[in-house]
Amino acid sequence: MNAAGNSKKSSKPPSKATTKAASKASTKASSKPSTKAASKTPSSASKAPAAKSAPAKAAGFSLEPIFAAIRKRLPASRQAEAMAFAASFYKRLEDDEYPHHSADAWAAVACDMLEFARVRKARTPNVRVFNASLKANGWESPHTVLQIVNDDMPFLVDSVSMALAEAGIGVHVLGHPLLRMTRDKAGKLTGVGEGAPESLMLLEIDRQPAEQMPVIEARIRTVLGEVRSIVQDWSAMRERMLALSEELATRRMPVDDAGRREAQEFLRWAADDHFTFFGYREYRIERQGGEPILQAAEGGLGLLRDSRSSVPRNVKSMAAHYMPQSGSVDTLILTKTNARSSVHRPGNMDYIGVLEFDAKGNPVAEQRFIGLYTSSAYNRRPWEIPLVRQRHDHVMRQSGLAAESHSGKALRHILETLPREELFQSSEEELSRTSLGILGLQERVRSKLFLRRDRYGRFFSALVYIPRERFNTDVRLRIEALLKEALHGEFVDTTVQVGESPLAQLHLVVRPATGTQVDVDTAELEARLAHLLRNWQDDLRETLIARHGESSGLRLSGGYARALPAGYIETVSPEIAANDVEHLAALAGPDDLRLSLHKARGGRHGEGRLRLNLYRQGHDIPLSDVLPLMENMGLRVISEHPFRIDSGATPAYIQEFEVEPAAGMFDVDGCHAAFEDAFARVWHGDAENDGFNRLVLGAGLEWRQVALLRGYCKYLLQTGVPYSQAYVEETLNRYPLLARLLVEQFEARFDPSTGSESKLEIKQGQERLGRQLQALAGGDEATIKALQPLVDARGQSRDRQVEAARKALLKFMDQVSSLDEDRILRGFMGVIEATLRTSYYQAAGSGKPAHTISFKLDSARVPDLPKPRPYREIFVYGPRVEGVHLRFGPVARGGLRWSDRREDFRTEVLGLVKAQMVKNTVIVPVGAKGGFIVKQPPAAGDRDAVLAEGIACYKMFIQGLLDITDNIVGNKIVPPLDVVRHDNDDPYLVVAADKGTATFSDIANGLAIAHGFWMGDAFASGGSVGYDHKGMGITAKGAWESVKRHFRALN
C-alpha cells in the first residue's frame, strides 16, 4: 500500500499501515486535465475491469484471513459487497505490510471506509475528521484520521496535502486508491468493481483536539470545491484563450505586427498544455465619480466564477500597465497574482492578462487568466517560447557575442536555465542586465544578488547565485530570512537549482505585506548577503590574510583550511583557528611542540573558560605524559578534544584541553606567553617538571625566574635544611608575592643592565613590575601602597633597588604565620644576599639561556650552613646536572668527583675537602674539592650511554665553574661577561681528577682552552700533558712529604 507523506513534517513509520495497503490500488492521477478532449470534462481514471468476485490473494499472500474476519463482522447479506470492497482496497498489500495489523483490524478498516462511502450525493464529497478507536471504529491509530470520498478528478491529492501543510499539519500516512462504484439516484452504493471511478483518500495526520476537527473539515471541503470548479470550467477557459488569440488579429493594439503575432502565438502556446487554468474573468474600465474604475464583468470561470468576490478598484492606484503615460503599456500582462494557489502547487498563481485598447491606445478592458504554468512550460527552451524568444534574441544581440562562441554558448545556457518567471516577466533590458551579470560570474565564482522589482509592483524577484559547495538548507533559510526582513516580505517562495555549474541558483519571490512602502538599497543588501554567505573557511582565510598579508595568508589557509575536521570547525572560532594554523605551520618536525593558552570564546567550553592547545607532528602526546606537566603548571584538566589534521605527508595533531586554575585566578592575557614558554621548556627538558612551575601562573614569573628559585632550593637542600622540596614548593606557592619579591631582590643585585637603561626602558620596567605586583596584591590598596617604593626604585641606583627589595621582603615576611615557612623564606633571602656572582644573565653560544645557572657564594654569609664553612663555593644547577665546588682559600686545588649521592653530594664533598686540607698541607696551603651528580641517567642503564651522559654533565659542570670565574688576559684581570661581581678579583681556579673522573682532565682542559681561560691545559692536572697521578704515585708522595714535615716538627 502506497504511503505518501506530502506534508511539511517528515514522514515517519505509522503505527497503523491502514492506508498503505489501500493506495497501492490507485491509478496515478494526472496533474492537469487532458487537452486532447477539450470538449469533455477531464478525468484521470482509466477503465478497470469489474470485479465479479473477490480475489482470494493480494500481492503475495492470501486475503482469506481478512475475508474470514469480515464474515464474522457482517451478516451474510453484506459480506459479498464488503469482501469485494476489501479486495479492491487491499489489492496491492505487500507481504511486509500485512503484519502491521491483525486480520480483524484490516477487516475493520475496510468495513469502516465502506460504510463511510456508502452514501454520497452527486458532485459532493464526503469528508470526515475523527480520532479512531476500537470501540467506535473497530481499529485505532495514534493520529487523527481524515477520510475523503470524491469523484475522481485531477489535483485531489496535491491540493489536500497542500491545505494540510499550509495549516502546519503533518501527514504521516496517505492512501488514495481509485475504486469503481455504482450508485442509485440518491447516491446510495449499489455495487463495487464497476461504474464510475471514485477517489478514496485515507490520511493519518497530526493528532488534533476535537474543536479543531470541524475547522480542518471545512478547509478540506473548500479546497475540494475549488478543485471541482477548476476541473468543470477547464475546457471553457482554454477555449476562451484560444478565441482571444484569434481576436488579437483584429484588435486595436499599440504594437507593431510582429508584436501582435507574438502575443497571439504566446496565447496559443499557453493553451497547448503549457498553462493549467484555474480561473478566468473579464474586467471593464468604467467611470465612477469621474475616476476610472476596474469593474468585474459577469461570466467568470473556475475560481473567478463569482464576480461579487471582486471589489472595484481605482485604476490610478493599480499596476503600471493601465497607465499609458508610464510607458509600461503591454499587449499581454505576464506576472503573478497577489493571491496564493490553494490547488496543485503552493505559491502565488501565474497571471496572463490580455488588454483591449480604444482608438487612442488607452486600455479599456482586460481578459484575465489565472493558473500555473505546467512543467512542460518550464522545460521549453527560451527560443521556443513566443514573446520570450524576442527577449532572448535581444540579449544575444546586446551582448555582441557570436552564438557559436564559447561565451555565446555560455550565455544561451544561462538564459535556458533562468527561472521561466524571469523570462516571462522581465523586460528586455532587465533580462540583459541579469543574464550578462550571471555570465560575468563564470570567470570568477562568487556570490551575487540580482534583484528585480515586478513592474506591476506586486513582488520582488531575487536571483541569488552562490558557490555550489556553499549551498545547503541552512544557507537557504538564512537567505530567505534576510530578504524577507529587508524587503518587508509577507511570503517568500523559493526554488533551487543545483547542477553541474559551480554556482547554485536560488530564485526567491518575496511579496511585501499589503500597503508596505519598500525602499531598497541593492548594494547594501548585496553586501549583507555576501556577509551572510561567508562560511567559516572564508573567515579563517581573511583572518590569516589580515595577519600575514595576502601571499602568506593564502598559503596558510590553503594548506590547512580544508584539512581541519568538521568537529573542529563546529566548535572553534576562525580567530582561534588562525592561531592554531600558525602554530601548526611553525612546527619544525616530530620532536617539536607548540602550545597556546587562551580564553574560550563561547562554544563548547562556555565563555571565559580556559583552553590549552598542544600542537604536534607525527603523533599526539599520551595523556599520561602531559597531565602531570599541566598539574605542576597549576592547571586542572577538565576534558580533552583531540583533532587529527591530514594536511600533508605527515599528520599533525591539535590536542585541545579544557582547563581551569587549580587554585585562584590569573590574568590569562598577561601571562599566557610566559606559560607557553615555560611549558615548552619543561617539555623539551630545559626546565624541570615540578611544583615550582605553578609560580608561572601563580606569581607571574617566567620559566627562567622559576629555575632561579628552584636552583636556590636545590642548594638549600644540599646544605641540610630540614624541609623537603615539596614543602618548599608549597610555601612559595602559598606566598606568590614573596616569591616575586625574592626574584626582585636577586634581579636588583645582579641585573647587568641596571644603570645603563634608557628612560623609556626604565619606565616600561616600572609599569611591568607595577602590573605584576598589583595583580599579586589582589587589589588590596594597603599592599599596593607598601609596594610602590619598590616600583619607584627601579629608576634609581642598584643599591637603592636592593635596599627597597629587602625592605619589602622583610615587611611582608612579618605576615607569615608559620615558623617553618618563615625559616624557608628567610633562607632564600639569606642565600641570595650571600651570592657574590651568578651566570643567570649569561646566554649560551646560540643566544639562548645557558643550560645551567651558577651561583658563587660567600659561605660565611649563608644562614645555618654546617661547618666547616669554605672560603667560597660555586653551586651549579641545571635540569640534567647539579654540582658544587668548595674552596677553602683564594688559591686552592682539588679533584672533581662524579658522585652518586643525589640527596647530599655537598656533604660528601665537604667531608672529602676536610681530609684534603690535612693531606695537602705541604703541597697547597688550603684544599678544594668538587662533585657533581647526573640527574637523568639513561633508563636502559647501558654502560656507554651512562658514560656519555656523565661526560656531558661533567662538561656542563666545568662550563658552569668557568662562566663566573675571572680570566687573565695579558696582565689584566678580565671579569666574565654579563656578571655583576660583589667580590674582588678571583681568577684562580684549578681542578683535578677524582673518583669517576680519572680520565676527564683532558676534557676539562679542552673546555678551558675553548673558553680562553688563562690556565689553558694546566687548568686540570693529570691530563695527557700533565702528570699521571696514579702512575707516579703523586698522592702517596704527598703523604710522605707530610710525614717528613711532621717528623721535623717533632724535632
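Positions in the sequence shown are counted from 1; adding 10 to them yields the working numbering. Note that the Cβ used here is the ideal one computed from N, Cα and C, for glycine as well.
Here the segment 691 to 709 lies against the segment 884 to 896, with 3 or more beta-carbon pairs under 8 angstroms apart.
Here DSSP, grouped into helix, strand and coil, assigns D503 to strand. Straight-line measurement puts the Cα of D464 at about 9 angstroms from the Cα of K346. Taking a contact as a CB-CB distance under 8 angstroms, the pair R816 and Q755 counts as one, their CB atoms being some 6 angstroms apart. Nearest neighbour of P512 by Cα position, chosen from L566, E495, R480, turns out to be R480. Taking a cut-off of 8 angstroms for Cβ pairs, the segment 720 to 737 and the segment 807 to 824 do not touch, as fewer than three such pairs fall below it. N348 sits in a strand when the DSSP states are folded into three classes. Of all alpha-carbon atoms in P429, R350, T524, L277, the one lying nearest the alpha-carbon of G363 is that of L277.
Per the DSSP secondary-structure output, E292 pairs in a beta bridge with Q377.
With distances taken between CA atoms, R128 lies nearest to M191 out of A902, M191, L446.
Under the DSSP assignment, S606 falls in the beta strand (DSSP E) whose first and last residues are 603 to 609. Contact annotation, H992 with L846: C-beta distance approximately 5 angstroms; criterion of less than 8 angstroms satisfied. DSSP places F1010 in no alpha helix (DSSP H); its state is neither H nor E. Distance between V812 and A749, taken at the CA atoms: about 16 angstroms. In the DSSP assignment, the residues bridged to D161 are E208. The segment 384 to 426 contains, as complete alpha helix (DSSP H) runs of 4+ residues, the segments 385 to 389, 398 to 409 (chain order).
With fewer than 16 other Cβ atoms inside 10 Å of its own Cβ, K769 counts as exposed. Here Y290 really is in contact with F379; their C-beta atoms are around 5 angstroms apart, less than 8 angstroms. Here F481 carries a coil assignment [DSSP, helix/strand/coil]. If you look at A796, you'll find it in the alpha helix (DSSP H) that goes 791 to 803.
DSSP, read as helix, strand or coil, puts D988 in coil. Contact between the segment 366 to 378 and the segment 386 to 397 is absent, with fewer than three C-beta pairs closer than 8 angstroms. Exclusion of the five residues before and after G447 leaves K458, F460 as the residues of its chain whose Cβ lies within less than 8 angstroms of its Cβ. DSSP places F140 in the uninterrupted beta strand (DSSP E) bounded by 136 to 140.
Its Cα nearest to that of R443, the residue H402 stands out among S415, P477, R468, H402. Here the C-alpha atom of P947 lies approximately 45 angstroms from the C-alpha atom of P584.
Around the beta carbon of T1007, 16 or more other beta carbons lie within 10 angstroms, which makes this residue buried. Spanning the alpha carbons of L705 and D679 requires a straight line of approximately 16 angstroms. Straight across, the Cα-Cα distance linking A787 with E757 is about 20 angstroms. Only residues of its own chain outside the window of five on either side were considered, and among them M406, K419, R422 have a CB closer than 8 angstroms to the CB of A413, listed in chain order. Listed in chain order, the non-local C-beta contacts of F676 below 6 angstroms within the same chain comprise L707, local neighbours out to five positions each way being set aside.
Distances from the alpha-carbon of L311 to those of A860, E439, Q242, I215 put Q242 closest. A buried status is given to T729, since no fewer than 16 other beta-carbon atoms sit within 10 Å of its beta-carbon. Per DSSP, the continuous beta strand (DSSP E) segment holding G185 begins and ends at 181 to 185. Taking C-beta atoms as the reference points, R133 and D162 fail to come closer than 8 angstroms. Of the candidates V956, V1000, V233, V1000 places its Cα closest to the Cα of V901.
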